[in-house]
Amino acid sequence: MSGRSLALRQPWTRTGLTAWAAIAASVAAVALLVAPGRGPNLAGAFLLACVPVGAAVMCWLDSGEGVVQAGLTLVISLAATAIVSAVMIWLTAWQPRALFAFAAVGVVSGTARLVRGGRPCCALHQ
Amino acid sequence: MRRSLALQLGLPGVLLAGIAAWAFGVSRIQRDAIGPYGVLASANAWFVLGLALLLVGMLAELSRSRPRSWLLGAYLIGLIVAIHTTVPLLYGGTPEYAWVYKHVGVAQEFGLYHRVTDSSNIYQEWPALFTAVASISSLGSAGPLSFAAWGPVAFELADALLLLGIFRLLTADRRLPYLAVLLYEGLIAWVGQDYLSPQAFGYLLWLGIMAIVVRWLLAPTTEHARWRFVNRVRGFLLAQRPAPPEASTAMRWVALALVAVIYFAIVAAHQLTPYLALLGIAALVLLGVLWRGWLTLVILAVIAFGFLAPRYGLISSQFGGIFSGGDVFENASGSQGIMHKAAEARTGEVVHLLAALMWLGAAAAIALRWRSLGRVAIPALLAFSPFVVLGVQSYGGEAIYRVFLFSSPWCALLIAELIAELRGALRPLVSAVACTVALAAGLQGLYGPTAVYAFTPAELTASGWLYAHAAPGSLLVFAADDFPGLEVADYRAYDLQVMPADPQSGPSWLDEANVSQVEQWIASLGHPSAYVVFSKSMANYASYFGYPAGYGQLAKAVSGNPAWRVVYRNPDVVIYQVTTG
Chain A
1 MSGRSLALRQ PWTRTGLTAW AAIAASVAAV ALLVAPGRGP NLAGAFLLAC VPVGAAVMCW
61 LDSGEGVVQA GLTLVISLAA TAIVSAVMIW LTAWQPRALF AFAAVGVVSG TARLVRGGRP
121 CCALHQ
Chain B
127 MRRSLALQLG LPGVLLAGIA AWAFGVSRIQ RDAIGPYGVL ASANAWFVLG LALLLVGMLA
187 ELSRSRPRSW LLGAYLIGLI VAIHTTVPLL YGGTPEYAWV YKHVGVAQEF GLYHRVTDSS
247 NIYQEWPALF TAVASISSLG SAGPLSFAAW GPVAFELADA LLLLGIFRLL TADRRLPYLA
307 VLLYEGLIAW VGQDYLSPQA FGYLLWLGIM AIVVRWLLAP TTEHARWRFV NRVRGFLLAQ
367 RPAPPEASTA MRWVALALVA VIYFAIVAAH QLTPYLALLG IAALVLLGVL WRGWLTLVIL
427 AVIAFGFLAP RYGLISSQFG GIFSGGDVFE NASGSQGIMH KAAEARTGEV VHLLAALMWL
487 GAAAAIALRW RSLGRVAIPA LLAFSPFVVL GVQSYGGEAI YRVFLFSSPW CALLIAELIA
547 ELRGALRPLV SAVACTVALA AGLQGLYGPT AVYAFTPAEL TASGWLYAHA APGSLLVFAA
607 DDFPGLEVAD YRAYDLQVMP ADPQSGPSWL DEANVSQVEQ WIASLGHPSA YVVFSKSMAN
667 YASYFGYPAG YGQLAKAVSG NPAWRVVYRN PDVVIYQVTT G
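Going down the list, the protein sequences come from chains A and B. In this text, residue positions in the first sequence follow my numbering: the first is 1, and each later residue adds one. In this text, residue positions in the second sequence follow my numbering: the first is 127, and each later residue adds one.
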């Protein structure tokens, strides 16, 4: 069985679901941010800050627990948002729209994870 | 069998009924009727019934032989939402606590000026949370005031998610993590560290670090020390320690890198949290259970002190340096200057009792396992290691609250494990008593001062009017230290003063009942005129704490005084302009 088919036939693993979450959250965040209206924009901003980067990382790491997977997705995303935002302030290069790159990271990593398939990063006995 | 079927079918309905009763109850609470004993004392039967149904339903599900995770999760979410959205719903979505508005102002300032404008401002020097809020605010085209009120519920939901995961990794029992998180939510409800703030953000990230540590960085075998004595102590402390989750070496390095990144975000966000996190890690290193423990500790210490070094002067001037004093009892005494008036004293006693019960319960859980300490060694160390902070810092009187916060998850787990080992009818009975006591006391602590710390939409509107109409450079005077202020990006352009008549806010020598003395003090500030604010929350504050003692007399005396011109008035606020020239 090729890696590709394995991945596509195992989309419901924790890491597979996280990869789907990375892609879906990234697309949804961008869609909400470009949509008219303050409500959708704010929802999109929170989604962008809370999911794509963490999911992009966690889709390669299996924590063994769904809630840990979700929790670390959130924490890593928030940490990345905080660090990138602080760096923009320290460098006096304030461009919040640069956070759109998080969506690109989410889509690329999630897609790569699904295409590459089966085994998560750094598995035991690798 | 019939009972089991009834529970299986009925408990989802109890959840819905609980949420409905709570929501209806909230809609019937009169904001103006909330007195000095808070929301619980002023609430109607529907509100109490709603919370009771949510608690009883969850406990009933926990008592089933095969509890449903989805339903336990739904109950937890329901309870957290009910607990932490009640006040924002009652107060029309205005953020609670005057100091939240300072945080909003700093985020607004970053959003407007795009740089650090004042290197002597401690918030700007630890900017990570504020810059993140400014980013979200900018992308979302909405000011932080539009979402700040929902900070507590968001942080509590996120904390509960992480804690549930950590507890699942630490225990084999599937129901125990839910019981522990339920207990935790009651225990910490009062501590009020979950509003939009760097510490709430740092705490959440710290839980993320602990999840990574527990999942990937616990060593399968205890590290062998050079000294035989250390090995003996570790052998005793780790007797019957359960095997940690497996992980490859490559995965452990990835986990260590993630810990370092998340830790940097904590370090850049808050002054105290990195050291509380470091204490927890150090405790695990000393126990010899952390993979590459000393390396981890060194990496984190380098990040923490590397960030602190260029900012140490600021910490030194505001908190007396890292070591502000080694008097543990003084550092543990909490906020200085609290006057302990009737209602405040009763609520304070309730939460002090709750804290004592929590630590006693955790200590009992450890003592009862003295033959197999390894089963509780990790949560036990994490529960009591935060106390070390009290040996070096008071953190402006707040250190004890952080100690409680960082200790409480592990205490909750230890107590829940003790309860889970009870047999027969004793287990559900003790679960019910423990959770009810924790929730009732925690909620009294949380809701007790609501009339003081929550602001009405009219008060927020008045604050907005003040900043819109007072020219930059104006003198703004609060008759008591309890009003939404500093929430605008240009907050530093105003001279904001609180009358020096409250020992909780610093030197207290002014007699507010003496109008001429107040006028002289205002004139001494060197402005041609001043905007002086009186509000409903200020009146509640003065009544609750007993200070400023002359607030009521001053408010009454100036209302007919021609030198005090009313420039703004709404049902909850009066703003005067006083000319001093």
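Yeah, the Cβ is synthetic: ideal placement off N, Cα and C, and Gly gets one too. Just so it is clear, the structure is predicted and the values come from calculations on it, not from any experiment.
Option in ALA681(B), ASN666(B) and GLN623(B) with minimal Cα separation from ALA639(B): Out of ALA681(B), ASN666(B) and GLN623(B), ALA681(B) has the C-alpha closest to the C-alpha of ALA639(B).
Taking three-plus beta-carbon pairs below 8 Å as touching, is the region 66–83 of chain A in contact with the region 230–250 of chain B? With the cut-off at 8 Å, the region 66–83 of chain A and the region 230–250 of chain B do not touch.
Chain-order list of residues whose beta-carbon lies under 6 Å from that of CYS50(A) (same chain, five-residue window excluded): So the list reads LEU74 and SER77, once near-sequence residues are dropped.
For LEU42(A) versus GLY266(B), is the C-beta spacing smaller than 8 Å? Using a Cβ distance threshold of 8 Å, LEU42(A) and GLY266(B) count as a contacting pair.
Determine, using beta carbons only, whether ARG358(B) comes closer than 8 Å to chain A. By this cut-off, ARG358(B) is not an interface position.
Reduced DSSP secondary structure (H/G/I, E/B, other) of PHE428(B): In the sequence under discussion, the amino acid at residue 428(B) is Val, which differs from the Phe named in the question. VAL428(B): helix per DSSP, three-state reduction.
Taking the straight line between their C-alpha atoms, what separation do you get for LEU384(B) and ILE425(B)? In this structure, the alpha-carbon of LEU384(B) lies about 12 Å from that of ILE425(B).
Taking the C-alpha atoms as reference points, what is the distance between THR220(B) and ARG154(B)? When only Cα atoms are considered, THR220(B) and ARG154(B) end up about 19 Å apart.
I'd like to know whether the C-beta of ALA82(A) is nearer than 8 Å to at least one C-beta of chain B. ALA82(A) counts as touching chain B.
Please name the residue in THR15(A), LEU47(A) and GLY64(A) whose C-alpha comes closest to that of GLU372(B). Cα-wise, what sits closest to GLU372(B) is GLY64(A).
Applying the criterion that 16 or more other CB atoms from any shown protein chain within 10 Å of the CB defines a buried residue, is PRO598(B) buried or exposed? With fewer than 16 Cβ atoms within 10 Å of its Cβ, PRO598(B) is classed as exposed.
Taking PRO253(B) as the query, report the chain A residues whose CB atoms sit under 7 Å from its CB, ordered along the chain. Simply ALA86 and ILE89.
Inspect the beta-carbon positions of ALA79(A) and ALA337(B) and report whether they are closer than 8 Å. Cβ atoms of ALA79(A) and ALA337(B): not closer than 8 Å.
Compute the Euclidean distance between the alpha carbons of PRO575(B) and ALA606(B), then round it to the nearest angstrom. C-alpha separation (whole angstroms): 16 Å.
By how many angstroms is the C-alpha of GLY144(B) removed from the C-alpha of LEU216(B)? Cα-Cα distance, rounded: 18 Å.
Quick check: THR582(B) and ILE648(B), are their CB atoms within less than 8 Å of each other? Taking C-beta atoms as the reference points, THR582(B) and ILE648(B) fail to come closer than 8 Å.
Check whether the Cβ atoms of TRP252(B) and HIS396(B) sit closer than 8 Å, and answer yes or no. Yes; because the gap between Cβ atoms is below 8 Å, this pair is in contact.
Relative to the alpha-carbon of THR422(B), which residue among PHE671(B), ALA381(B), LEU569(B) and ILE492(B) has its alpha-carbon at the smallest distance? Ranked by how close their Cα comes to the Cα of THR422(B), the residues PHE671(B), ALA381(B), LEU569(B) and ILE492(B) have ALA381(B) in first place.
For SER261(B), which of helix, strand or coil comes out of DSSP? If DSSP states are grouped into helix, strand and coil, SER261(B) belongs with the helices.
Three-state class that DSSP yields for GLN462(B) in the structure shown: Because GLN462(B) sits at a pLDDT of 49, beneath the cut-off of 50, its placement in the model cannot be relied upon, and the following sentence gives the value as read from the coordinates. GLN462(B): coil per DSSP, three-state reduction.
Is it buried or exposed, SER650(B), if we count other Cβ atoms within 10 angstroms and call 16 or more buried? The C-beta of SER650(B) has fewer than 16 other C-beta atoms within 10 Å across all chains shown, which makes the residue exposed.
Between the CA atoms of ALA386(B) and ALA509(B) - distance to the nearest angstrom: Between the alpha carbons of ALA509(B) and ALA386(B) lies a distance of about 22 Å.
Can you give me the C-alpha to C-alpha distance between PRO688(B) and LEU602(B), rounded to a whole angstrom? Rounded to whole angstroms, the separation of the alpha carbons of LEU602(B) and PRO688(B) is 19 Å.
Would DSSP call ARG497(B) helix, strand or coil? ARG497(B): coil per DSSP, three-state reduction.
Since PHE355(B) meets chain A, which of its residues come closer than 7 Å, beta carbon to beta carbon? In chain order: nothing, as chain A lies at least about 35 Å away.
Would you check if the distance between the CB atom of GLU585(B) and the CB atom of PHE609(B) is smaller than 8 Å? Against a cut-off of 8 Å, the Cβ pair of PHE609(B) and GLU585(B) comes out as a contact.
Rounded to the nearest angstrom, what separates ALA298(B) and SER195(B) at their Cα positions? Here the C-alpha atom of ALA298(B) lies approximately 14 Å from the C-alpha atom of SER195(B).
Could you list the residues in the region 23–53 of chain A with a C-beta less than 8 Å from some C-beta on chain B, going in chain order? Taking 8 Å as the Cβ-Cβ cut-off against chain B, the residues of the region 23–53 of chain A that qualify are LEU33, ARG38, ASN41, LEU42, ALA43, GLY44, ALA45, PHE46, LEU48 and ALA49.
Does the distance from the C-beta atom of TYR673(B) to that of ASP628(B) stay below 8 Å? Yes. Within cutoff.
Contacts around LEU198(B), its chain only, beta-carbon distance under 8 Å, and the 5 residues preceding and following it disregarded: Closer than 8 Å at the Cβ level, and outside the excluded window around LEU198(B), lie MET184, GLU187, LEU188, ARG301 and TYR304.
Among ALA560(B), ALA394(B) and PRO324(B), which one has its Cα closest to the Cα of VAL87(A)? Of the candidates ALA560(B), ALA394(B) and PRO324(B), ALA394(B) places its Cα closest to the Cα of VAL87(A).
Strictly below 8 Å CB to CB, what residues from chain A border LEU287(B)? Ordered by position in chain A, the residues that pass the 8 Å Cβ test against LEU287(B) are VAL67, ALA70, GLY71 and LEU74.
Using a Cβ-Cβ cut-off of 6 Å (strictly less than) and excluding sequence neighbours within five positions of VAL693(B), which residues of its own chain qualify? ILE701 and GLN703.
Residues within the region 238–270 of chain B neighbouring chain A, beta-carbon criterion of under 7 Å: Residues HIS240, ARG241, VAL242, PRO253, ALA254, LEU255, THR257, ALA258, ALA260, SER261, ILE262, SER264, LEU265, GLY266, SER267 and ALA268.
Is LEU384(B) close to chain A? Criterion is C-beta to C-beta, closer than 8 Å. It does: the Cβ of LEU384(B) has a partner Cβ on chain A nearer than 8 Å.
Contacts of TRP12(A) in chain B (Cβ-Cβ under 9 Å): Ordered by position in chain B, no residue passes the 9 Å Cβ test against TRP12(A), which lies about 16 Å from the chain.
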